[in-house]
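In the working numbering, the protein residues as written are 15 to 258.
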């Protein structure tokens, strides 16, 4: 907080006052702390201005687990469904299984703790909340063989496989039991790069391609590995929202 005040003063502000109110460690006693630096007019101090709440984020992302309520999960799913429409399929990867009551956790159940007010999901940094696939129509594929490496049992990132569609989206170009070509873009098996960094995804994913190596879908919603750019899958890389 003091560092933020110093940066504010360097920007040319004459004075600043920060007030924080809330519970500490889940206790019933409310704490109010405030810090004032510089010259602040009296009418400004007495004014009650509510700038609403602001989400605090660290520079390099979340460092500790956080709680996400069931309402926030549903709101995110509805917002994504409204923007995507029929362009893709959305899967929710988290479930709110932790009850939260108004009274702190130190209160025993026999002391009138009350029923749960809402449910939350404990999310660790790096966890995937929602998952989306491309809009080609294929949901689940089963690999038949690997092109150019028939003696291998497993496919890696960048390999082209011949697969059959086990599950497909209704009223789309691709249908169930259709044999197609796909390129692997994510694997659960860790990938070790030349600099020693290990990259591992939560699931396996592939993008359906045609005979020329171009994706059949027009949108890709999942993060892919940057090794695909070295294998000349530039069209897939350009459609991906994030390249790791």
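Quick reminder that beta carbons are idealized off the backbone N, C-alpha and C, glycines included.
Evaluate residue i with the Cβ neighbour count: other Cβ atoms within 10 Å of its Cβ, from every protein chain shown; 16 or more gives buried, anything less gives exposed.
{"i": "residue 231", "result": "buried"}
{"i": "residue 21", "result": "exposed"}
{"i": "residue 2", "result": "No answer is possible for residue 2: the residues shown for the chain start at 15 and end at 258."}
{"i": "residue 80", "result": "exposed"}
{"i": "residue 254", "result": "buried"}
{"i": "residue 13", "result": "Absent from the structure is residue 13, since the part of the chain shown begins at 15 and ends at 258."}
{"i": "residue 242", "result": "buried"}
{"i": "residue 248", "result": "exposed"}
{"i": "residue 229", "result": "buried"}
{"i": "residue 219", "result": "buried"}
{"i": "residue 177", "result": "buried"}
{"i": "residue 89", "result": "exposed"}
{"i": "residue 24", "result": "exposed"}
{"i": "residue 244", "result": "exposed"}
{"i": "residue 67", "result": "With a pLDDT of 39 at residue 67, under the threshold of 50, the modelled position of that residue is not reliable, and the figure given next carries that caveat. The residue in question, residue 67, is exposed, as its Cβ has fewer than 16 Cβ neighbours within 10 Å."}
For residue i, which beta-bridge partners are listed by DSSP?
{"i": "residue 113", "result": "133"}
{"i": "residue 213", "result": "205"}
{"i": "residue 157", "result": "177"}
{"i": "residue 152", "result": "182"}
{"i": "residue 238", "result": "257"}
Residues in its own chain within less than 8 Å of residue i by CB, not counting five upstream and five downstream?
{"i": "residue 133", "result": "83, 84, 110, 111, 112, 113, 114"}
{"i": "residue 87", "result": "106, 108, 110, 135, 143"}
{"i": "residue 129", "result": "115"}
{"i": "residue 246", "result": "227"}
{"i": "residue 251", "result": "238, 240, 242, 243, 257"}
{"i": "residue 224", "result": "195, 230"}
Output the boundary residues of the beta strand (DSSP E) element that contains residue i.
{"i": "residue 181", "result": "174-182"}
{"i": "residue 197", "result": "193-200"}
{"i": "residue 221", "result": "219-223"}
{"i": "residue 82", "result": "80-83"}
Please tell me whether, using a cut-off of 7 Å, the distance from the CB of residue i to the nearest non-hydrogen atom of the ligand SAH is below it.
{"i": "residue 93", "result": "Ligands are entirely absent from the displayed structure, and the ligand SAH is therefore not among its contents."}
Note the first and the last residue of the continuous alpha helix (DSSP H) segment covering residue i.
{"i": "residue 249", "result": "248-253"}
{"i": "residue 241", "result": "241-244"}
Less than 6 Å between C-beta atoms, sequence neighbours within five positions excluded: which residues of the same chain meet that for residue i?
{"i": "residue 9", "result": "What is shown of the chain runs 15 to 258, which leaves residue 9 out entirely."}
{"i": "residue 222", "result": "150, 152, 194, 196, 230"}
{"i": "residue 166", "result": "160"}
{"i": "residue 137", "result": "80, 82"}
What does a CB cutoff of less than 7 Å around residue i pick up in its chain, not counting 5 residues either side in sequence?
{"i": "residue 206", "result": "212"}
- Item | Inter-stretch contact at 8 Å, needing at least 3 Cβ pairs: the region 194-205 / the region 155-175 | The answer is yes - the region 155-175 touches the region 194-205, with three or more Cβ pairs under 8 Å.
- Message: Within 8 Å, do at least three Cβ pairs link the region 169-179 to the region 198-212?
- Response: A contact is defined here as three or more CB-CB pairs under 8 Å, and the region 198-212 meets this definition with respect to the region 169-179.
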